[in-house]
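Asks: The sequence shown begins at 1 in my numbering and counts up by one.
Ideal Cβ positions, reconstructed from N, Cα and C, are used throughout, including at glycine.
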Amino acid sequence: MSLSQLTFRPYTPADLAACGALAAEAWPEFASLVAPSERPKFLRSYIRICLPISTRLEVAELDGALVAFLFGSVEADFRPVGRPLAMLTYAGVGLKFLLGGYGRVARPLEVMRMVVGTEKQAAAASPSSDCSIELFVVSQAHRGMGIGRQMLERFSAHARDRKASTLSLFTDMTSNWGFYEHLGFHKVADFPDALNSYLQKRPMLGSIYLLAL
Ligand SMILES: CC(C)(COP(=O)(O)OP(=O)(O)OC[C@H]1O[C@@H](n2cnc3c(N)ncnc32)[C@H](O)[C@@H]1OP(=O)(O)O)[C@@H](O)C(=O)NCCC(=O)NCCS
1 MSLSQLTFRP
11 YTPADLAACG
21 ALAAEAWPEF
31 ASLVAPSERP
41 KFLRSYIRIC
51 LPISTRLEVA
61 ELDGALVAFL
71 FGSVEADFRP
81 VGRPLAMLTY
91 AGVGLKFLLG
101 GYGRVARPLE
111 VMRMVVGTEK
121 QAAAASPSSD
131 CSIELFVVSQ
141 AHRGMGIGRQ
151 MLERFSAHAR
161 DRKASTLSLF
171 TDMTSNWGFY
181 EHLGFHKVAD
191 FPDALNSYLQ
201 KRPMLGSIYL
211 LAL
């Protein structure tokens, strides 16, 4: 498969379903909290939470199909309304999740507590940075072709243009942290990841990585 046809463009709301499907494929254990038919819809809840905290949302297309997306945030691009909007979205998505609007989850309150707890742990473990990656997936069928590297380099170039100097991200043991290490990120913190420990039925860690731009 050739990458010469790979194109990049900003995310639009019409991409939500395709991004949900890619996220469900990337994190099957998380997706398996709901029935198979509800998995893309379930992952859309996570994407919705990431939208208002991201300032640069880009997708990659190959032969007209969406094959990757990277949502990142750059401190200098945040508008004053960004953070209140993010909190409102979080509350709205949380309520819809608890009411089963994203699929039926066993013990939704407990799952919600674990999601919030893990995010709090990640925030507490994160040193200050002026840009971050919020959500990043390349479709399974297109991994290992250099698409992830290109998307990361495009985001880093934008962040540098906006005078950012430190790129941070939160990842976990079920995600491809080896990719980040290969591209020069270094780990600055590990912490117990309650949600993934519950999903995997064994102790799992979340990690914070940094890259000097
Ligand atoms: C992480 C991810 C986006 C990488 O995308 P990708 O398109 O497969 O990555 P690339 O093909 O561009 O790889 C870039 C480089 O990283 C290397 N690499 C990729 N995965 C690696 C790993 N696990 N360990 C070491 N190196 C790795 C590649 O060999 C390549 O090296 P090179 O450019 O020096 O030859 C993709 O694996 C993915 O979507 N994973 C599932 C979701 C996820 O984990 N998201 C990120 C964490 S939140």
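1) Does the beta carbon of D190 sit closer than 8 Å to a beta carbon anywhere in chain B?
2) Alpha helix (DSSP H) containing Y90: first to last residue?
3) Return helix, strand or coil for F30, following the three-state DSSP convention.
4) With respect to the beta strand (DSSP E) encompassing P192, which residues constitute its N-terminal and C-terminal limits?
5) Helix or strand or just coil, what does DSSP make of A14?
6) Taking 7 Å as the limit between beta carbons, can you name the residues of its chain near F30, skipping five residues before and five after?
7) Could you check where the alpha helix (DSSP H) with V116 kicks off and where it finishes?
8) Using three-state DSSP, classify F78 as helix, strand or coil.
9) Do you know offhand how far A141's Cα is from D130's?
10) Based on Cα-Cα distance, which residue from F191, I53 and L152 lies nearest to E75?
11) Please check the pair S45 and Y102, which I expect to be a contact at CB under 8 Å, by giving their CB distance rounded to whole angstroms.
12) Assign Y102 to one of three DSSP states: helix, strand, or coil.
13) How far does the alpha helix (DSSP H) with D172 in it extend, from its first residue to its last?
14) If we count the other Cβ atoms within 10 Å of its Cβ and call it buried at 16 or more, is P40 buried or exposed?
15) Would you check if the distance between the CB atom of S126 and the CB atom of S73 is smaller than 8 Å?
16) So is the beta-carbon of I147 under 7 Å away from any non-hydrogen atom of ligand 1?
17) In terms of alpha-carbon separation, which member of W177, A24 and R113 lies closest to K187?
18) Would you kindly report the start and end of the unbroken alpha helix (DSSP H) that includes A157?
Replies: On the basis of the coordinates in this document:
1) Reference to chain B is not applicable here, since this structure consists of a single protein chain.
2) G82 to L98
3) helix
4) Run containing P192: H186 to P192, per the beta strand (DSSP E) assignment.
5) helix
6) L199
7) Per DSSP, the unbroken alpha helix (DSSP H) holding V116 starts and ends at P108 to A125.
8) coil
9) So the two alpha carbons sit approximately 32 Å from each other.
10) I53
11) 4 Å
12) Three-state DSSP puts Y102 in coil, outside helix and strand.
13) Here D172 belongs to no alpha helix (DSSP H); instead the beta strand (DSSP E) covers T166 to D172.
14) Answer is buried; the Cβ neighbour count reaches 16.
15) no
16) yes
17) W177
18) For A157, the enclosing alpha helix (DSSP H) has its first and last residue at I147 to D161.
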